[in-house]
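In order, the protein sequence lines correspond to chains A and B.
Under our numbering, the first residue of the first sequence carries the number -13, and numbering increases by one thereafter.
Under our numbering, the first residue of the second sequence carries the number 384, and numbering increases by one thereafter.
Each residue gets a CB set at the ideal place from its N, CA and C atoms; glycine is no exception.
In this text, all values refer to a predicted model and were calculated from it rather than measured experimentally.
Please read the structure below before turning to the comments.
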Amino acid sequence: EAGVAQSPRYKIIEKRQSVAFWCNPISGHATLYWYQQILGQGPKLLIQFQNNGVVDDSQLPKDRFSAERLKGVDSTLKIQPAKLEDSAVYLCASKRAVFDEQFFGPGTRLTVL
Amino acid sequence: GDSVTQMEGPVTLSEEAFLTINCTYTATGYPSLFWYVQYPGEGLQLLLKATKADDKGSNKGFEATYRKETTSFHLEKGSVQVSDSAVYFCALTVYGQNFVFGPGTRLSVLP
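This is the structure:
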């Protein structure tokens, strides 16, 4: 079974630029998460999708971050415009059902200069 | 809101030493508790979990017991190996929603 795929793996941009990350969850997994992991900290949940609907986006900075999950499969997370404090690893995770284990992708390391 | 507190690292041990990493939590509902591990250069992996009070999760020689009375889920291993060097995260979720992670504890095991 293929794991959670993310791209790109690394991205360097200047502040005020835009950036987008892509996630392909494990086939058949209805729930998809995006997390932000700042160096030295634990992952912080940004948004949770159930199929193509948003379950929780309470910690998503909506003035600059947006996410979508078209057709309930792939998802993209966008930052526009980026700030220095957005430098982090962005993790995507998915799971099949509510009480199942979540599987993490390798992450995208974003550096904002 | 829900939160997880872990002992600060880094923790440095010699091979075959006993490991304890403390984790305590606060939650508004009845949480499920997890330990995740992140090996150098790799993604997060589930190490073990417990879904109700007094449950013991175990995997790869690691154990943790869900203690509702002390709101704790401490990770233990009787004899650590160099290959256990990693960052360990305690986490919780209530009804499968709103995953909350602790800050992580870095473990280094010396030969």
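CA-to-CA distance, residue 412/B to residue 475/B, given in whole angstroms
Taking the first residue of the second sequence as 1, we reach residue 475/B at position 92. Taking the first residue of the second sequence as 1, we reach residue 412/B at position 29. Cα to Cα, the separation comes out at about 11 Å.
Please list the partners that residue 485/B has in chain A, where partner means a Cβ-to-Cβ separation under 8 Å.
Translated into positions along the second sequence, residue 485/B becomes position 102. Correct list: 28.
When the Cβ atoms of the region 391 to 400 of chain B are set against those of the region 3 to 16 of chain A, are three or more pairs found closer than 8 Å?
no
Of all the options 493/B, 435/B, 479/B, which has the alpha carbon lying nearest to the alpha carbon of residue 41/A?
Taking the first sequence and counting its residues from 1, one reaches residue 41/A at position 55. Closest option to residue 41/A, Cα to Cα, is 479/B.
Skipping 5 residues on each side, what residues in its chain have a beta carbon closer than 8 Å to that of residue -1/A?
As a position in the first sequence, residue -1/A is number 13, starting the count at 1. Excluding residues within five positions, the ones whose Cβ falls inside 8 Å are 5, 68, 96, 97, 98, 99.
Mapping DSSP to helix, strand and coil, what is residue 4/A?
Stepping through the first sequence from its first residue, residue 4/A is reached at position 18. Residue state, collapsed to three classes: coil.
Taking the C-alpha atoms as reference points, what is the distance between residue -3/A and residue 453/B?
Taking the first residue of the first sequence as position 1, residue -3/A is located at position 11. Taking the first residue of the second sequence as position 1, residue 453/B is located at position 70. Computed Cα separation, rounded: 43 Å.
Close Cβ partners of residue 417/B (< 6 Å) along its chain, the five nearest in sequence each way excluded
Counting from 1 along the second sequence, the entry for residue 417/B is found at position 34. Excluding positions up to five away in sequence, the list reads 432, 474.
Member of 488/B, 415/B, 401/B whose CA lies at the smallest distance from the CA of residue 451/B
Your numbering for residue 451/B matches position 68 in the second sequence. Minimum Cα distance to residue 451/B is reached at 415/B.
Using 9 Å as the limit for Cβ to Cβ distance, is residue 3/A near chain B?
Position 17 of the first sequence, counted from the start, is the residue given in the question as residue 3/A. Not closer than 9 Å to any Cβ of chain B, the Cβ of residue 3/A fails to qualify, so no.
Using a cut-off of 8 Å between C-beta atoms, extract the partners of residue 85/A located in chain B.
If you number the first sequence from 1, residue 85/A lands on position 99. Within chain B, the residues near residue 85/A are 415, 434, 479.
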